[in-house]
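There are 2 protein chains.
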Amino acid sequence: MKPKDTEGEILRAAEQEFMLKGFDGAKTASIARAAGVTHAMLHYYFRTKEQLFDRILTDKLSLMGRSVLVSFGTPDLPVLERLKRGIGSHFDFLVENPDLPRFIVNEVFSRPERYEVMRENISRIADGLMQQLQREMDVLVGRGEVVAIDVRHLLLDIVCLNVFPFVAYPLIEPVFGPVAADRSQFFEMRKAENIEVIMRRIKK
Amino acid sequence: MKPKDTEGEILRAAEQEFMLKGFDGAKTASIARAAGVTHAMLHYYFRTKEQLFDRILTDKLSLMGRSVLVSFGTPDLPVLERLKRGIGSHFDFLVENPDLPRFIVNEVFSRPERYEVMRENISRIADGLMQQLQREMDVLVGRGEVVAIDVRHLLLDIVCLNVFPFVAYPLIEPVFGPVAADRSQFFEMRKAENIEVIMRRIKK
DNA sequence: ATTTGAACTAACAATTTTGTTAGACGATTT
DNA sequence: AAATCGTCTAACAAAATTGTTAGTTCAAAT
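Going down the list, the protein sequences come from chains A and B. Take 349 as the starting number for the first sequence in the numbering used here and just add one per residue. Take 349 as the starting number for the second sequence in the numbering used here and just add one per residue.
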């Protein structure tokens, strides 16, 4: 009947556990329990905790990378509109994946041996997008519609504003208390604020 | 001669280890080794790993809190100047404590049992500052010098822009590659950019 | 029908990690 | 000088954690 996908179950459980507790905090026994399998199965399919983890981290890194490309990579819109939509859709992606950034930031930080591989992946993704955006911005600068700005800084501004509230939610929420009675309403406000901040940053 | 401050040595070593690897990644044996003492000493002075960790986390939380107050709490300046200086001095604090935010964000996140205590500490620190700033902003709004804005969102904008680059430095650096050949130069650029972003956000 | 091989279980092994304890040592007090 | 007290060591204990292995089961291939 059900071809019971053990490998998949383990992956799903591992994803949850690793995202929530990080590599060191996650325990293979706990993952196995959550997946409903013997903990020997975990070693059968993935040899080691490290290999299982690598699989998850790689997936998440690629997901995070794609999210930026997908959000800002619509080349057939006017740049300003493209940026607005980009901020919004990047933000929406984060609403769907709220603990992705913290996970990546931490695990990447504690794995300097990966820096080289990552550096290449990241630049490959970012460079094209950046150059394209910069050219379009330069046109608007020429027309006097926006101020001159290094697109890298602009994109970093966006990422800072968009990502940080998710990374630090437990610390922010108390400050906004009643305003952010429910999370989703708070996040809607932030999305709007971020767009406002960026538009004001570039408009003349 | 030297009254050899064992307790202090342990605290210093623990701070390093915990900040670098987090609670789960840190090992008491490694802390003891770094402190140059038997690992039994660690239990002699602090009973458990948990208690030692609590001491560090509490210190760091208070440090982070104070840094915001100290940076933005100069009440005898015009608000705009106060904000500019605040951004700068908060940023400088982060340059001196680059992995403080990641540490706090992670460990707080993985300790929901502390949320209540923290909520109170944080609101106590923030509320006064916020109200004071809001009143001064309202004056400028009345004079038509700045646009109306919820100070909480404004401060969050600042914190996002200031803190995130430190949290995510390993992921950002590859994008800026040559520009950020050296860290400190990159951070100087960011400090200026952040001030620019915020000033444009509020000026009419 | 037999073989083969992937998926699986239960038990165990090895190591790491936290925490304890009995007692030593030296300075200070009485 | 004897007792006391805080500091410390060395050895040990207990638990947790990762990883292995011998052997079972069952379906598909030959």
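C-beta atoms are modelled at their ideal positions from N, C-alpha and C, and glycine is treated no differently. It should be emphasised that the depicted structure is a prediction, and the values quoted were computed from it without experimental measurement.
Check residue i in the structure and name its three-state DSSP category.
i        : result
Val494/A : strand
Lys551/B : strand
Ser458/B : coil
Asp559/A : Any property of residue 559/A remains undetermined from this structure, which presents chain A solely from 349 to 552.
Met349/B : With a pLDDT of only 46 at Met349/B, under the threshold of 50, the placement of this residue in the model should not be trusted; the figure read from the coordinates follows. Of the three classes helix, strand and coil, the one that applies to Met349/B here is coil, per DSSP.
Ala380/A : helix
Ala516/B : coil
Gly436/B : helix
Pro423/B : coil
Thr406/A : helix
Arg414/A : helix
Val385/B : coil
Lys375/A : coil
Ala529/B : coil
Arg395/A : coil
Asn510/A : helix
Leu445/A : Just to set this straight, residue 445/A is Asn in the shown sequence, not Leu. Coil, per DSSP.
Arg360/A : helix
Glu355/A : helix
Would you decide whether residue i is buried or exposed? Buried here means 16 or more other CB atoms lie within 10 Å of its CB.
i        : result
Pro449/B : buried
Ile546/A : buried
Met349/B : Any reading at Met349/B must be qualified, since the residue scores a pLDDT of 46, below 50, and its modelled position is unreliable; the value itself is stated next. Looking at its Cβ environment, which holds fewer than 16 other Cβ atoms inside 10 Å, Met349/B is exposed.
Leu509/A : buried
Lys352/A : exposed
Glu536/A : exposed
Val527/A : exposed
Arg483/B : exposed
Gly492/B : exposed
Gly490/B : exposed
Ala496/A : exposed
Leu409/A : buried
Leu411/B : exposed
Ala361/B : buried
Leu417/A : exposed
Ala388/B : exposed
Leu425/A : exposed
Ala529/A : exposed
Going by beta-carbon coordinates alone, are residue i and residue j separated by less than 9 angstroms?
i        : j        : result
Val385/B : Ile404/B : no
Ile550/B : Met485/B : yes
His391/B : Phe420/B : no
Phe401/B : Phe512/A : no
Asp372/B : Asp447/A : no
Met466/A : Leu519/B : yes
Ala377/B : Gln364/B : no
Pro522/B : Ile506/A : no
Going by CA-CA distance only, name the one from the options that's closest to residue i.
i        : options                                   : result
Val443/B : Arg531/B, Phe366/B and Arg548/B           : Arg531/B
Asn454/B : Arg360/B, Thr354/B, Phe366/B and Asp353/B : Phe366/B
Leu503/B : Glu541/A, Glu493/A and Phe441/A           : Glu541/A
Glu544/B : His501/A, Pro513/A and Phe524/A           : His501/A
Val515/B : Arg548/B, Ile452/B, Gly436/B and Val487/B : Ile452/B
Val487/B : Ala383/B, Leu428/B and Glu355/B           : Leu428/B
Phe457/B : Gln399/A, Tyr517/A and Asp424/A           : Tyr517/A
Gly370/B : Thr422/B, Arg459/B, Met478/B and Pro423/B : Arg459/B
Met478/B : Gly525/A, Glu398/A and Arg548/A           : Gly525/A
Ala374/B : Glu468/B, Lys397/B and Thr354/B           : Lys397/B
Does the beta-carbon of residue i, which I'm using as the reference point, lie nearer than 8 angstroms to any heavy atom of the ligand NAP?
i        : result
Phe420/B : In terms of ligand content, the structure shown is empty, and the ligand NAP therefore cannot be addressed.
Can you give the beta carbon distance from residue i to residue j, rounded, assuming they're within the 8 angstroms contact cut?
i        : j        : result
Gly436/B : Lys539/B : 6 angstroms
Val494/B : Leu481/B : Actually they do not touch by this definition, with Cβ atoms about 12 angstroms apart.
Gly413/A : Ile473/A : 5 angstroms
Ser415/B : Phe394/B : Wrong, their Cβ atoms sit about 26 angstroms apart, outside the cutoff.
Arg548/B : Arg548/A : 5 angstroms
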